[in-house]
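Numbering (full-length UniProt numbering), first residue to last: 1 to 343.
This report refers to the structure that appears directly beneath it.
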Amino acid sequence: MEPIDQHVEGDGFPTNATAPDVAVQPSPGLTLDCRKCNLKFKTREELSNHLSFFCQNSKYADIEKFKQSILQESYSGTGNQPNLSFEGIRNFINAGTGAIGKVSLAELRSQIRGDATAMADVKTEVLKQREKELLSNLRALKSNHSEIMSKRMEEETRIQTMIGDLDEQRSSEIRARMEKERVKDALQKIDKANLQALEIEKRQEIDELIKEQEFLKKKEMLALEEIQKLVGQIDTNNSKMESTPLKRSALSLPWGNQLENPVSATDFRQKFAQTGRNLGEEAAKLRIIRQQRMAERGAIVTKLEAMTRSTNGQTPSPTERISENQRRKLIETLKAKQTEEMA
C-alpha cells in the first residue's frame, strides 16, 4: 500500500490515505478539485501531485521557500551561509567561481553559449524553412490569385457580353416600338382620312336617300290619289248603272256595232262588272306595291338612322353595318325602281 493524497469536496475525509494496487475509480459523489486554488483535475494522480507540490503551503507554492530550498541544495556540504540576497546571487554568478552540481559556472556558461550558437543555427534553419514555406505559400497564393483573376476576367467578359446583348436587345425593342408607333400614327392618319372620306360619302348617300324617300312619298301620294279616283269612278259608274235605264244605242256603246253585234243589258252589266273587277285587281296591285314601298321606306329609314348614328360618332351595331357592295347595290336598286316607277 502506498500513501496518496486525496481531497474530497464537502465530505471531510483526510487528504492522506492508502490506495490499493488496483486504481479505484472515484465515486459519483466525489469531485477532483482543489478548494484552495479553485482548480479542477481529471484524475486522482493529478490532484495528488497538485496537493503535494503546488497547492498552498506546499513545496513550490511559496517562492521564498522554494528559493531557500534551492540555495540549501546548492550550498550543501560548504561552510557558506545559504541565506543570500539577490545581489549576492548575481555577484556569485558573475564571478564564475563555484559549481552547480558537477558542472562549474564557466563550463555552464560555455555550454549555454554553445547552446545559444546551436539555437542560432536552429533559428537560422527554422527561418530558412519558414522562408521556404512562406515562398511556397506565396507561390500558391499567386497561383490562386492568377486563377481568381482569370476567372474574374472571364466573368467580366461574360458580363460585358451579356450587357452588350441586353443593350442590343433593348435597342431592337426601342426600334421596334418606334416603328410600331410610326405605323400606328400612319394608320391613324389613314383611318382619319378614310373616315373623313366615308363621312362625306355617307352624307352624299344620306342626301340621295332623303331625295329618294321624298320621291317615293310623292309617288305613294299619287298612287293613293289614283286609287281614290278609280274607286270614286267605280262608285259613280255603279250608281249611274243602278239609276239610269239601259239604252241600246250606238253612241252609248263604245264597243261593237249595234246592227252587226247587238249587246244586251246583261252583257253590258257583265262587261261593266268585268271592268270593275279589273279596276279592283289593279287597285289591289297598287296596294301591294304601296306596302312594298312602305317596307322599302322603313328599311331606308333604318339605314339612314344607322348612318346618322355612325356619322355622329356612335359605333353602329353589327346588324347595322353594311359593306360597300351592299350599299352600292341598295343605291342601284333604289335608282332602278325609281326609273321603273317614273316610266
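A virtual CB, placed ideally from N, CA and C, is assigned to each residue, including glycine.
Taking the alpha-carbon positions, what's the LEU39 to LYS65 distance? 22 Å
When the cut-off is 9 Å and only beta carbons count, does GLU147 lie next to chain B? Absent from the structure is chain B; it holds one protein chain and no more.
Backbone secondary structure at LYS40 - three-state DSSP: strand
Pairwise C-alpha distance: GLN196 and ILE190: 10 Å
Just to confirm, are ALA223 and ILE289 a CB contact at a threshold of 9 Å? yes
For the ligand FMN, any of its heavy atoms closer than 8 Å to the Cβ of SER52? With respect to small molecules bound, the structure shown includes none, and the ligand FMN cannot be examined in it.
Are the Cβ atoms of GLY280 and ASN237 separated by less than 9 Å? no
Reduced DSSP secondary structure (H/G/I, E/B, other) of ASP235: helix
Does DSSP put ASP62 in a helix, in a strand, or in coil? coil
Quick check on this structure: which residue in CYS37, ASP121, ALA116 and GLU107 has the alpha carbon closest to the alpha carbon of GLN56? CYS37
Considering only residues of the same chain and omitting the five flanking positions on each side of GLU226, which have a CB-CB separation below 8 Å? LEU286
Taking only three categories from DSSP, how would you classify SER317? Unreliable placement is indicated for SER317, whose pLDDT of 45 sits below 50; the coordinate value is still reported in the next sentence. Residue state, collapsed to three classes: coil.
Given a threshold of 16 other Cβ atoms within 10 Å of its Cβ, counted over all protein chains shown, does ARG130 qualify as buried or as exposed? exposed
Could you check which residue in SER150, LEU47 and LYS303 has the C-alpha nearest to that of GLU208? LYS303
Can you tell me whether SER172 is buried or exposed, with buried defined as 16 or more other CB within 10 angstroms of its CB? exposed
Flag this pair as yes or no: are the beta carbons of SER58 and LEU51 separated by less than 9 Å? yes
Looking only at C-alpha atoms, which of ASP62, ARG297, MET119 and ARG109 sits nearest to GLU212? ARG297
Neighbour-count burial assignment, LEU127, 16 or more Cβ in a 10 Å radius: exposed
Beta-carbon proximity check, LEU230 vs ARG293, cutoff 9 Å: no
What number of angstroms, rounded off, separates the C-alpha of ILE200 from the C-alpha of ILE210? 15 Å
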